[in-house]
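Scroll down for the structure; my scribbles are underneath it.
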Amino acid sequence: MKNGITTLAASNNAMWCDAVCRAHGRPGGFDDGLWLTRLGTPRFYPDVVTTVGAEAAPAQLKAIADLINSDRQREWFVKDSFHCLRLDLIGFEPLFDAKWIAMSGPRPDATHHRPGTVVSDDAGLSAWERCWTGEDGKAPAKPLPRVFMPRLLADDGIVFVLIRDEDGSAGGGILNRGAGVVGLSNLFGSQMDRVWQTLIAMAGELFPGLPLVGYEHGDDLTAAISAGFEITGPLRIWRLPAGAR
94 MKNGITTLAA
104 SNNAMWCDAV
114 CRAHGRPGGF
124 DDGLWLTRLG
134 TPRFYPDVVT
144 TVGAEAAPAQ
154 LKAIADLINS
164 DRQREWFVKD
174 SFHCLRLDLI
184 GFEPLFDAKW
194 IAMSGPRPDA
204 THHRPGTVVS
214 DDAGLSAWER
224 CWTGEDGKAP
234 AKPLPRVFMP
244 RLLADDGIVF
254 VLIRDEDGSA
264 GGGILNRGAG
274 VVGLSNLFGS
284 QMDRVWQTLI
294 AMAGELFPGL
304 PLVGYEHGDD
314 LTAAISAGFE
324 ITGPLRIWRL
334 PAGAR
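The sequence shown begins at 94 in the working numbering and counts up one residue at a time.
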């Protein structure tokens with residue numbers, strides 16, 4: 094069961110990465126047990142996400158080697174969804190390890206938590222991203238490029254959730270439906286237990302009956318487990334420095 098839900102989680106995450114890149118006009122493609130894009134990605138997003146495990150490793154390694162050889166002067170990032178690739182052999186360095194998580198049981202009653210607001214327009218999305226990056230109410234010395242473009246709001250399987258506290262602080266996250274599951278990602282806020290419970294409840298309301306998946310590490314993984322998620326498998330994010338041979 095855990096292997097099956099991990100595969101669905103990896104596929105869901107690859108679909109989400111593709112949606113984010115497509116919104117920037119830089120779509121990727123699915124082949125050889127992975128998703129990849131040759132066109133560059135927004136910050137924080139990988140160039141490759143594997144979608145099946147070790148049985149596809151030879152084809153995955155070849156595709157990744159061909160990809161990085163197309164441009165050795167830039168960084169490359171790979172999400173090794175099953176923590177099974179020896180990318181160190183072609184110059185990559187581990188960036189961090191994480192765990193896939195899933196929840197297939199009953200959702201908490203949304204009435205127990207103050208509901209979040211679904212972002213519905215570009216102004217709201219821009220405000221959401223400023224909260225997510227910690228720039229809300231601040232004037233950055235140099236504005237950073239946006240990660241999430243308004244085109245994402247046209248997809249009814251993608252939901253940006255904003256939670257405002259009485260003291261004005263914000264929290265939120267993203268729900269994305271795909272591969273028969275709902276991914277929870279990019280959660281943020283000062284009261285993370287409430288953020289998790291609100292996102293779980295909203296997922297149950299908006300996408301009833303679908304398992305919830307995601308990946309986390311460190312304190313965020315601890316918070317997810319406290320919210321009722323189970324660990325289903327490991328993953329690793331790899332980085333190839335620019336100019337590496």
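All C-beta atoms, glycine included, are put in the ideal place defined by N, C-alpha and C.
Relative to the C-alpha of Phe137, which candidate in Pro238, Ala152, Thr100 has its C-alpha closest?
For the purposes of this step, residue 137 is identified with residue 44 of the sequence shown, where counting begins at 1. Nearest Cα to Phe137 within the set Pro238, Ala152, Thr100: Pro238.
Leaving aside the five residues before and after Gly353 along the sequence, list all residues of the same chain whose C-beta is less than 7 angstroms from its C-beta, in chain order.
The structure shown has nothing for residue 353, since the chain only spans 94 to 338.
Counting Cβ pairs closer than 8 angstroms, one from the region 288-301 and one from the region 167-178, do we hit at least three?
The answer is no - the region 167-178 does not touch the region 288-301, with fewer than three Cβ pairs under 8 angstroms.
For Leu132, which residues of its own chain have a beta-carbon under 6 angstroms away from its beta-carbon, when the five flanking residues on both sides are left out?
As a position in the sequence shown, residue 132 is number 39, starting the count at 1. Answer for Leu132: Arg119, listed in chain order.
By a C-beta neighbour count over all protein chains shown, 10 Å radius and 16 as the cutoff for buried, is Asp124 buried or exposed?
On the sequence shown, position 31 is the one that residue 124 refers to. Exposed.
Is it buried or exposed, Phe189, if we count other Cβ atoms within 10 angstroms and call 16 or more buried?
As a working note, residue 189 is residue 96 in the sequence shown. The residue is exposed, with fewer than 16 neighbouring Cβ atoms inside 10 Å.
Identity of the residues DSSP links to Leu323 by a beta bridge:
For the purposes of this step, residue 323 is taken as the residue at position 230 of the sequence shown. Per the sequence presented here, residue 323 reads as Glu, with Leu not at that position. Beta-bridge partners assigned by DSSP to Glu323: Ala195.
Host beta strand (DSSP E) of Ala263 (start-end)
To locate residue 263, count along the sequence shown from 1; it is residue 170. For Ala263, the uninterrupted beta strand (DSSP E) segment begins and ends at 263-271.
Thinking Trp109 and Ser278 are a contact (beta carbons under 8 angstroms), I'd like their distance in whole angstroms, please.
Translated into the one-based positions of the sequence shown, residue 109 becomes position 16. Translated into the one-based positions of the sequence shown, residue 278 becomes position 185. Taking a contact as a CB-CB distance under 8 angstroms, the pair Trp109 and Ser278 counts as one, their CB atoms being some 7 angstroms apart.
Grouping DSSP H, G and I as helix and E and B as strand, with all else coil, what is Asp164?
Translated into the one-based positions of the sequence shown, residue 164 becomes position 71. Coil at Asp164, not helix or strand.
To the nearest angstrom, how far is the alpha carbon of Arg244 from that of Asn105?
What you label residue 244 is simply residue 151 of the sequence shown in a count that begins at 1. What you label residue 105 is simply residue 12 of the sequence shown in a count that begins at 1. Arg244 and Asn105: Cα-Cα distance of roughly 19 angstroms.
Round the Cβ separation of Gly273 and Leu303 to the nearest angstrom and send it over; I've been treating them as touching at under 8 angstroms.
Stepping through the sequence shown from its first residue, residue 273 is reached at position 180. Stepping through the sequence shown from its first residue, residue 303 is reached at position 210. The Cβ separation is near 7 angstroms, so the contact holds.
Leu182: buried (16+ other C-beta within 10 angstroms of its C-beta) or exposed?
One-based indexing of the sequence shown puts residue 182 at position 89. In summary, Leu182 is exposed, with fewer than 16 beta-carbon neighbours lying within 10 Å of its beta-carbon over all protein chains present.
Return the Cβ separation of Gln153 and Gly184 in integer angstroms, given the expectation that the two are a contact with Cβ distance under 8 angstroms.
Sequence index remark: in the sequence shown, residue 153 carries index 60 (1-based). Sequence index remark: in the sequence shown, residue 184 carries index 91 (1-based). With a Cβ gap of about 16 angstroms, Gln153 and Gly184 do not count as contacting.
Element boundaries [alpha helix (DSSP H), containing Lys95]:
Residue mapping note: residue 95 aligns to position 2 of the sequence shown, counting from 1. From DSSP, the alpha helix (DSSP H) with Lys95 extends over 95-116.
Consult DSSP for Arg287 and reduce its assignment to one of helix, strand or coil.
By one-based count along the sequence shown, residue 287 stands at place 194. Helix at Arg287.
Mapping DSSP to helix, strand and coil, what is Asp248?
Reading the sequence shown from its first residue, position 155 is the one you call residue 248. In the three-state DSSP reduction, Asp248 falls in the coil class, being neither helix nor strand.
Check whether the Cβ atoms of Ala195 and Val306 lie closer than 8 angstroms to each other.
On the sequence shown, position 102 is the one that residue 195 refers to. On the sequence shown, position 213 is the one that residue 306 refers to. The criterion of a C-beta distance shorter than 8 angstroms is satisfied by Ala195 and Val306.
DSSP-derived helix/strand/coil call for Leu333:
As a position in the sequence shown, residue 333 is number 240, starting the count at 1. Here DSSP, grouped into helix, strand and coil, assigns Leu333 to strand.
Enclosing alpha helix (DSSP H) for Glu222 [first to last residue]
As a working note, residue 222 is residue 129 in the sequence shown. Counting along the chain, the unbroken alpha helix (DSSP H) around Glu222 starts and ends at 215-226.
Range of the contiguous beta strand (DSSP E) that encloses Val275:
Counting from one through the sequence shown, the residue named residue 275 turns up at place 182. Boundaries of the beta strand (DSSP E) around Val275: 274-281.
With 16 other Cβ atoms within 10 Å as the buried cut-off, status of Glu298
Against the sequence shown, residue 298 aligns to sequence position 205. Using a 10 angstroms sphere on the CB of Glu298, the tally of other CB atoms stays under 16, which defines it as exposed.
Keeping to the same chain, check which residues put their C-beta closer than 7 angstroms to that of Met242; ignore five residues upstream and five downstream.
By 1-based counting over the sequence shown, the position of residue 242 is 149. For Met242, same chain residues with a beta-carbon under 7 angstroms away, outside a window of 5 residues either side, are Ala116, His117 in chain order.
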